[in-house]
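Residue numbers (the numbering used here): 406 to 882.
C-beta atoms are modelled at their ideal positions from N, C-alpha and C, and glycine is treated no differently.
All remarks here apply to the structure that follows.
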Ligand SMILES: [Zn+2]
């Protein structure tokens, strides 16, 4: 069941979203405590319907607003909380999270390696995930006044409010209260990956500052910036593609043909002139990660880097699949940790922003909430696009959306009682009915030879259903 809530205002409510949620929570509480009387048309009787909120789905900034946990700063991961601390990159000027060796078993050889990683051994265990009751104890006493001018300063780290959702009696017993948005995680990882491979300016995680960071950590000397004739020269790294390899990569994607409705036209995303991928939308990234990227890189890059990327793609493919065997969860969980560790070995530290880190928690959510396709963001984002299209008066967008959504509901309901009515919203294949009712006007007309005419005639006699009764009659005669 989907619950929708239209929040008015020029800006998003941010932390004050609880004010808008309050009536919704009241309804949910009522649905849990007393339930509502519902009519069952099939059995012709009424029954008591109860419902609970299973988990919420939102993008990453909204995760922070809804859960009350600050998703910025030194501890932005809402699952590890204080367990994962960001590492400051002096040159890139940001925090990174290359802590994935902590998730390995204690005896794993990667833990002992120094040079391949950040110059240090990793001896810490994986951070513990707090249970709902423990989190509730943390947030229970936080007092907050909502609104812009309340005068109190919000804390910069950790929990800053006790969210309205905690009022639900079962909320503290749920394993996953807010699920991570795999769509945006996949898009961000894909963007960083493709950007770094193709060295797209603005997207790439490589560059002078990334190499300076390597120098600051004292690792991978062979990649440090070299000055030649007063110019900075970046030695090629394992993930650097030569011009020829970039061309092969782009040509491969430019040659992709997909069935109708499968994805957008991948060829239009490839800019062969400057060898880049432009205007990648989240679904394009999804298709790339699920199927196309492993094919496109199959003949380029060193074997180890290529295998790490292909394994990352197959991990996303596995968690998106419709059927997942619960026995595979453990192996999936270990595989993503090893993939991330391998990427840590080859890619620059600035690659590992919080989005890359969040992939490590995805299997946990699949374990408790089911496969990703059941709870991802695509349907909501698509619906938002439809709603945006409803806006005709830009000064009153919410009114436009509310009015047209109501009309569409009404028309949709009425159309069920109309015969031969075409329903709105259901896509029709562009191939269906393409030739229906089309005259010969403007079409190519051919003069057939007798032989060709005879062939066409025979074809029709043998293959068309209308001829069948005559054939039966003929056999009977
Ligand atoms: Zn984490």
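CB-CB under 7 Å to residue i, same chain, minus the five flanking residues each way: which ones, in chain order?
i: residue 593; result: 760
i: residue 721; result: 591, 694, 695
i: residue 742; result: 505, 508, 509, 765
i: residue 452; result: 443, 445
i: residue 471; result: 422, 461, 463, 568, 583
i: residue 541; result: 571, 577
i: residue 564; result: 473, 474, 543, 544, 547
i: residue 616; result: 628, 629, 630, 639
i: residue 774; result: 460, 581, 584, 780
Tell whether a beta-carbon distance below 8 Å holds between residue i and residue j.
i: residue 697; j: residue 599; result: no
i: residue 651; j: residue 603; result: yes
i: residue 687; j: residue 589; result: yes
i: residue 756; j: residue 610; result: yes
i: residue 582; j: residue 537; result: yes
i: residue 727; j: residue 776; result: yes
i: residue 562; j: residue 480; result: yes
i: residue 657; j: residue 701; result: yes
i: residue 826; j: residue 834; result: no
i: residue 533; j: residue 488; result: yes
i: residue 524; j: residue 622; result: yes
Within a Cβ cutoff of 6 Å, which residues of the same chain sit near residue i, ignoring the five residues on either side of it in sequence?
i: residue 745; result: 505
i: residue 738; result: 768
i: residue 586; result: 464, 782
i: residue 437; result: 457
i: residue 729; result: 776
i: residue 420; result: 470
i: residue 631; result: 638
Tell me the residue span of the beta strand (DSSP E) that contains residue i.
i: residue 492; result: 492–494
i: residue 796; result: Looking at the DSSP string, residue 796 is not in any beta strand (DSSP E), and its letter there is neither H nor E.
i: residue 650; result: It is not in any beta strand (DSSP E) - residue 650 instead sits in the alpha helix (DSSP H) that spans 648–659.
i: residue 643; result: Counting along the chain, residue 643 falls outside any beta strand (DSSP E), and DSSP gives it neither H nor E.
i: residue 453; result: 450–454
i: residue 499; result: 499–501
i: residue 801; result: Unbroken run through residue 801: none, as it is neither H nor E.
i: residue 442; result: 441–445
i: residue 821; result: Segment: none, residue 821 is in no beta strand (DSSP E) and carries neither H nor E.
i: residue 633; result: 631–633
Which residue's Cα is closest to the Cα of residue i: the options?
i: residue 462; options: 853, 692, 770, 433; result: 770
i: residue 401; options: 679, 694, 648; result: Nothing about residue 401 can be read from this structure; the chain reaches only from 406 to 882.
i: residue 578; options: 822, 443, 420, 457; result: 457
i: residue 493; options: 614, 747, 728, 437; result: 614
i: residue 618; options: 512, 435, 499, 547; result: 499
i: residue 434; options: 608, 662, 574; result: 574
i: residue 678; options: 648, 549, 801, 487; result: 648
i: residue 442; options: 637, 454, 721, 431; result: 454
i: residue 808; options: 817, 800, 796, 545; result: 796
i: residue 560; options: 476, 508, 535; result: 476
i: residue 752; options: 659, 785, 645, 732; result: 645
i: residue 732; options: 542, 716, 772; result: 772
i: residue 530; options: 545, 512, 596, 689; result: 512
i: residue 692; options: 670, 869, 879, 868; result: 670
i: residue 484; options: 675, 762, 706; result: 762
By the DSSP assignment, the alpha helix (DSSP H) with residue i in it spans what residues?
i: residue 777; result: Per DSSP, residue 777 belongs to no alpha helix (DSSP H) and is neither H nor E.
i: residue 544; result: 537–544
i: residue 601; result: 587–603
i: residue 737; result: 734–751
i: residue 613; result: 613–622
i: residue 424; result: 422–438
i: residue 863; result: 855–868
i: residue 347; result: With the chain represented from 406 up to 882, any question about residue 347 goes unanswered, as that position is not in the structure.
i: residue 514; result: That residue, residue 514, is in no alpha helix (DSSP H); it is neither H nor E in DSSP.
i: residue 760; result: 759–763
Who are the near neighbours of residue i in its chain, counting only those whose CB is closer than 8 Å to its CB and skipping five residues on each side?
i: residue 704; result: 653
i: residue 872; result: 865, 866
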